[in-house]
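Peer 1: In this note's numbering, the protein residues as written are 26 to 298.
Note that beta-carbon positions come from the ideal geometry of N, C-alpha and C, so glycine has one too.
Bear in mind the structure is a predicted one, so any value in this text is a computation, not a measurement.
Just dropping this structure here.
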Amino acid sequence: MTAEAAENGWPLEDRGAAFGDGLFETVLVRDGAPLLWEQHLARLARGCRMLGISLPAREHLERPLVDAGEGLSVLKLILTRGSGGRGYALPDTSEPRLRWRLAPFMPSPERWRRGVRVRHCRLRLGIQPALAGLKHLNRLENVLARAEWSDDDTAEGLLSDSEGRLVEATCMNLFWQRDGILETPRLDRCGVAGTLRTVLLDRLPIREVDAFPQLLEQVEALWLGNSLQGVWPVAWLDDAQGRAVQRWSIGPQHRRLQAVAHDALGFPSRLDD
């Protein structure tokens with residue numbers, strides 16, 4: 026196992042850089058303590074099993090936390106298969122390569138309180154059940170989707186798969202309330218199973234469903250969430266051309282899911298409406 030800070034660079038032949046042959050985790054760290062750490066480790070372990078990469082020892086994964094000071098920071102861990110192999114063929118033996126970076130972090134309290142504007146994306150995610158739920162390094166779909174807008178008023182883009190089912194946002198999971206029931210897209214075909222999503226599924230009665238974008242025009246509340254930003258209520262939804270299709274007044278109905286998520290992350294759970 027090779028483990029070092031990301032500033033030391035990557036060999037050109039690294040399979041993560043060449044093929045996206047690896048995994049990553051982004052972890053919120055508060056006063057040196059990684060939040061939702063067990064969920065992050067569990068997802069990384071699932072990815073390692075699926076890709077056939079050796080899972081680093083826990084002490085290697087936790088080594089960067091020694092340098093985390095007070096306040097909020099974000100730890101990014103990148104694990105690749107390492108180098109070797111001819112073309113796409115796996116090496117006979119491999120030495121996984123672990124890199125990390127710690128950086129200061131500041132969430133967006135205004136988005137917690139007032140909500141955000143989002144839009145549907147034109148890009149469709151490819152369906153690949155073997156990789157569904159994993160936070161693997163192949164993220165070109167997300168890069169292309171994020172390039173569909175440049176205005177500062179739009180906070181996120183919603184992605185559907187190639188058969189038209191809702192999946193996620195470009196870097197957040199998606200939740201809504203319909204007829205008083207909390208729901209989230211099923212992620213058995215593609216998409217990233219976020220660690221905050223895992224916590225919310227454990228703590229709240231949220232149904233995993235197959236749904237199409239038109240459903241969002243009838244929901245009572247819509248949210249985006251991840252383990253760094255917490256939960257953003259959605260106040261305005263646009264189509265892929267930037268035309269408004271639905272608006273919501275942010276109120277008490279948005280705070281229940283948000284409060285549970287923020288309690289897990291140490292963010293304020295009571296917000297002024």
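(1) Alpha carbon to alpha carbon, how far is residue 195 from residue 178? Give it in angstroms, no decimals.
(2) Report the rounded CA-to-CA distance for residue 147 versus residue 170, giving the unit in angstroms.
(3) So the alpha helix (DSSP H) residue 166 belongs to, where does it begin and stop?
(4) According to DSSP, is residue 44 helix, strand or coil?
(5) Run through DSSP, which three-state label would residue 158 get?
(6) Which first and last residues belong to the beta strand (DSSP E) in which residue 146 is found?
(7) Within the chosen definition, does the segment 113-129 reach the segment 194-211 through at least 3 CB pairs nearer than 8 Å?
(8) In the DSSP assignment, the alpha helix (DSSP H) including residue 285 goes from what residue to what residue?
(9) Could you check whether residue 66 and residue 83 sit closer than 9 Å to each other, using their CB atoms as the reference points?
(10) Can you tell me where the alpha helix (DSSP H) holding residue 71 begins and where it ends?
(11) Name the residue from 126, 77, 131 and 55 whose alpha carbon lies nearest to the alpha carbon of residue 88.
(12) Can you tell me the Cβ-Cβ gap for residue 150 and residue 186, rounded? I've got them flagged as a contact below 8 Å.
(13) In chain order, what residues of the same chain lie with their CB nearer than 7 Å to the CB of residue 259, ignoring the 5 residues before and after it?
(14) Since I believe residue 286 is in contact with residue 225 (beta carbons under 8 Å), could you give me their beta-carbon distance rounded to a whole number of angstroms?
(15) Starting from residue 87, follow the alpha helix (DSSP H) in both directions and report where the run begins and ends.
(16) Where does residue 118 land, buried or exposed, given buried means 16+ other C-beta within 10 angstroms?
(17) What residue does the beta strand (DSSP E) around residue 263 start on, and which one ends it?
Peer 2: Per the coordinate set shown:
(1) Here residue 178 refers to the residue found at position 153 when the sequence shown is read from its first residue. Here residue 195 refers to the residue found at position 170 when the sequence shown is read from its first residue. For residue 178 and residue 195, the distance between alpha carbons rounds to 16 Å.
(2) On the sequence shown, position 122 is the one that residue 147 refers to. On the sequence shown, position 145 is the one that residue 170 refers to. Those two C-alpha atoms are separated by around 7 Å.
(3) Locating residue 166 in the sequence shown gives position 141, where the first residue counts as 1. Counted as a single uninterrupted DSSP element, the alpha helix (DSSP H) harbouring residue 166 occupies residues 165-171.
(4) For the purposes of this step, residue 44 is taken as residue 19 along the sequence shown, with counting starting at 1. Looking at residue 44 - three-state DSSP - the assignment turns out to be helix.
(5) As a first step, residue 158 must be located in the sequence shown, where it is residue number 133. Looking at residue 158 - three-state DSSP - the assignment turns out to be strand.
(6) Translated into positions along the sequence shown, residue 146 becomes position 121. 141-150 is the extent of the beta strand (DSSP E) around residue 146.
(7) With the cut-off at 8 Å, the segment 113-129 and the segment 194-211 do not touch.
(8) By 1-based counting over the sequence shown, the position of residue 285 is 260. Note, residue 285: alpha helix (DSSP H), 280-290.
(9) Here residue 83 refers to the residue found at position 58 when the sequence shown is read from its first residue. Here residue 66 refers to the residue found at position 41 when the sequence shown is read from its first residue. For residue 83 and residue 66, yes; Cβs fall inside 9 Å.
(10) Within the sequence shown, the letter at position 46 stands for residue 71. Segment 62-76, the alpha helix (DSSP H) holding residue 71.
(11) Numbered from its first residue, the sequence shown carries residue 88 at position 63. Taking only the C-alpha atoms, the option nearest residue 88 is 126.
(12) In the sequence shown, the residue the question calls residue 150 occupies position 125. In the sequence shown, the residue the question calls residue 186 occupies position 161. Residue 150 to residue 186, Cβ: 5 Å. Contact.
(13) Residue 259 sits at position 234 when you count from the first residue of the sequence shown. Closer than 7 Å at the Cβ level, and outside the excluded window around residue 259, lie 140, 141, 143, 247, 248, 249 and 273.
(14) For the purposes of this step, residue 225 is taken as the residue at position 200 of the sequence shown. For the purposes of this step, residue 286 is taken as the residue at position 261 of the sequence shown. Going by Cβ atoms, the distance from residue 225 to residue 286 rounds to 6 Å, so yes, they are a contact pair.
(15) Here residue 87 is taken as the residue at index 62 of the sequence shown, counted from 1. Counting along the chain, the unbroken alpha helix (DSSP H) around residue 87 starts and ends at 83-87.
(16) Here the question's residue 118 lines up with position 93 in the sequence shown. Residue 118 comes out exposed.
(17) On the sequence shown, position 238 is the one that residue 263 refers to. Residue 263 -> beta strand (DSSP E) spans 255-263.
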